[in-house]
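J.: Residues in the sequence shown are numbered consecutively from 1, following full-length UniProt numbering.
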Amino acid sequence: PLYEGWFLVLFNLLYTSLPVLYIGLFEQDVSAERSLELPRLYIAGQKDELFNYWVFLQAIAHGMATSLVNFFMTLCISQDTAGPLSDYQSFAVVVALSGLLSITMEVILIIRYWTVLAVLAIFLSICFYTVTTWASQSFWLFTISPKTFPFLYADRNVLSHPSTLLVVLLNVSLNSLPRLALPVIYQALKKPHSKVRVAGEKAEEITAEPLPYLCRQSRARRSSYAFSHREGYADLITQGTSFRRSPGVNSNTRAGHTIPESPSHQKKMPFLGRKRHPHCGKVSSQDTQPAS
Numbered sequence: 001p002l003y004e005g006w007f008l009v010l011f012n013l014l015y016t017s018l019p020v021l022y023i024g025l026f027e028q029d030v031s032a033e034r035s036l037e038l039p040r041l042y043i044a045g046q047k048d049e050l051f052n053y054w055v056f057l058q059a060i061a062h063g064m065a066t067s068l069v070n071f072f073m074t075l076c077i078s079q080d081t082a083g084p085l086s087d088y089q090s091f092a093v094v095v096a097l098s099g100l101l102s103i104t105m106e107v108i109l110i111i112r113y114w115t116v117l118a119v120l121a122i123f124l125s126i127c128f129y130t131v132t133t134w135a136s137q138s139f140w141l142f143t144i145s146p147k148t149f150p151f152l153y154a155d156r157n158v159l160s161h162p163s164t165l166l167v168v169l170l171n172v173s174l175n176s177l178p179r180l181a182l183p184v185i186y187q188a189l190k191k192p193h194s195k196v197r198v199a200g201e202k203a204e205e206i207t208a209e210p211l212p213y214l215c216r217q218s219r220a221r222r223s224s225y226a227f228s229h230r231e232g233y234a235d236l237i238t239q240g241t242s243f244r245r246s247p248g249v250n251s252n253t254r255a256g257h258t259i260p261e262s263p264s265h266q267k268k269m270p271f272l273g274r275k276r277h278p279h280c281g282k283v284s285s286q287d288t289q290p291a292s
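(1) By how many angstroms is the C-alpha of residue 51 removed from the C-alpha of residue 62?
(2) Along the alpha helix (DSSP H) that carries residue 34, what are the first and last residues, could you check?
(3) Could you tell me if residue 12 is buried or exposed, where buried requires 16 or more neighbouring beta carbons within 10 angstroms of its beta carbon?
(4) Please confirm whether residue 294 and residue 170 have their CB atoms less than 8 Å apart.
(5) Could you give the residue range of the alpha helix (DSSP H) that holds residue 317?
(6) Run the CB neighbour count on residue 92, radius 10 Å, all protein chains shown included, and call it buried at 16 or more, exposed below.
(7) Note down, in chain order, each residue of its chain lying with its Cβ closer than 7 Å to the Cβ of residue 22, except the 5 sequence neighbours on either side.
(8) Is residue 255 buried or exposed, if buried means 16 or more other CB atoms sit within 10 Å of its CB?
(9) Hey, is the stretch 2-12 in contact with the stretch 108-117, meaning 3+ C-beta pairs nearer than 8 Å?
(10) If you draw a straight line from the alpha carbon of residue 158 to that of residue 167, how long is it in whole angstroms?
(11) Can you grab the Cα-Cα spacing for the pair residue 123 / residue 181, in whole Å?
(12) How should residue 45 be labelled, buried or exposed, when 16 other C-beta atoms within 10 angstroms of its C-beta is the threshold for buried?
(13) DSSP three-state label for residue 49, please.
(14) Whose C-beta lies closer than 7 Å to the C-beta of residue 201 among residues of the same chain, with five residues either side of it excluded?
(15) Following a CB-centred definition, is residue 167 positioned closer than 7 Å to any heavy atom of the ligand PLP?
(16) Report back the beta-carbon spacing between residue 151 and residue 4 to the nearest angstrom; my notes put them in contact at under 8 Å.
(17) Would the beta-carbon of residue 103 fall within 8 Å of that of residue 27?
(18) Roughly how many whole angstroms lie between the Cα atoms of residue 66 and residue 99?
(19) Counting C-beta neighbours from all protein chains within 10 Å, is the total for residue 79 16 or more, i.e. buried, or is it exposed?
(20) What does the Cβ neighbour count give for residue 31, buried or exposed, with the cut at 16 atoms within 10 Å?
(21) Residue 176: which of 155, 188, 128 and 105 sits nearest, CA to CA?
(22) Note down the Cα distance separating residue 38 from residue 17, rounded to an integer number of angstroms.
(23) Return helix, strand or coil for residue 71, following the three-state DSSP convention.
(24) How is residue 6 classed by DSSP in three states: helix, strand or coil?
(25) Per DSSP, what kind of secondary structure is residue 15 in: helix, strand or coil?
(26) Helix, strand or coil for residue 161, going by three-state DSSP, please let me know.
(27) Given a threshold of 16 other Cβ atoms within 10 Å of its Cβ, counted over all protein chains shown, does residue 19 qualify as buried or as exposed?
This is the structure in structure tokens:
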């Protein structure tokens, strides 16, 4: 195999597992209060928009592209050269380290909600790689089993040359460039459409008429005489004079009959702001009919 055996065994177990677990468990792009205010954010999960066959194929293509960049860029630089990358073990170490740092940089670009756990997960992953590589490439384990631990001081020999570090930096930069460029291009292409949508929403907000504010007043019973345009009924309404005929009065009541005033007419009405005098005039039967 191209990579060291221990690197293949511990790559998914220790080197890259903690950052991925952190992203799956603790990463959030919006706050908890915002997610409660916008229930439509959960529609993407209900429709399987975040993980489906298309997203899975994109992840596979991304991984294959990263591996190909690391392999062929290192191969092109180390081809027909006599230096730190001329042997097989040094070549394998550069490709493996480029892949690990590319994934770590990808995780750093994905994380938006930085906490102590995020920093700790990335730091522990790098520490696991450093300690495990130093132990598996030590002279003590090489003397015990040369076939099991064949990469004797491979990382130390490779990383001691600045040119090798530049190759690793070049591979990581090329692998991280699409992650930085594609979202910017996508937002640039999507931005005009969002402006049109926002402008439409603002137009709708401007044209929308606000609902009138209903102010409830007292529940006092209102008389239909308040809407009459004829003069002479305002005092009768405020004083509470009733035009109902008593049982002893028939329809042939003469016009000169005087309506007796009620004792309640003598009461003061403070809500009118002034004292009202009782009405004692003569009212004809024609005037007592309400206006149509």
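Where a beta carbon is used, it is the ideal one built from N, C-alpha and C, also for glycine.
T.: On the basis of the data shown:
(1) 15 Å
(2) 32-37
(3) exposed
(4) Residue coverage of the chain in this structure runs from 1 to 292, which leaves residue 294 outside it and unanswerable.
(5) Residue coverage of the chain in this structure runs from 1 to 292, which leaves residue 317 outside it and unanswerable.
(6) buried
(7) Closer than 7 Å at Cβ, skipping near neighbours: 117, 118 and 121.
(8) Confidence at residue 255 is low in this model, with a pLDDT of 45, below 50, so its placement is unreliable and the value that follows should be read with caution. With fewer than 16 other Cβ atoms within 10 Å, it is exposed.
(9) no
(10) 11 Å
(11) Looking at the two C-alpha atoms, the distance is approximately 26 Å.
(12) With fewer than 16 other CB atoms across the displayed protein chains lying within 10 angstroms of its CB, residue 45 is exposed.
(13) It is coil, neither helix nor strand.
(14) In this prediction, residue 201 has a pLDDT of 49, which is less than 50 and means its spatial position is unreliable; nothing more can be read from the coordinates.
(15) Because no ligand of any kind appears in the structure shown, any question about the ligand PLP cannot be addressed here.
(16) The C-beta distance from residue 151 to residue 4 rounds to 5 Å, short enough to fall under 8 Å.
(17) One thing to note: residue 103 has its Cβ no nearer than 8 Å to the Cβ of residue 27.
(18) Going from the Cα of residue 66 to the Cα of residue 99 covers about 7 Å.
(19) exposed
(20) exposed
(21) 105
(22) 32 Å
(23) helix
(24) helix
(25) The three-state secondary structure of residue 15, taken from DSSP, is helix.
(26) For residue 161, the three-state secondary structure derived from DSSP is coil.
(27) buried
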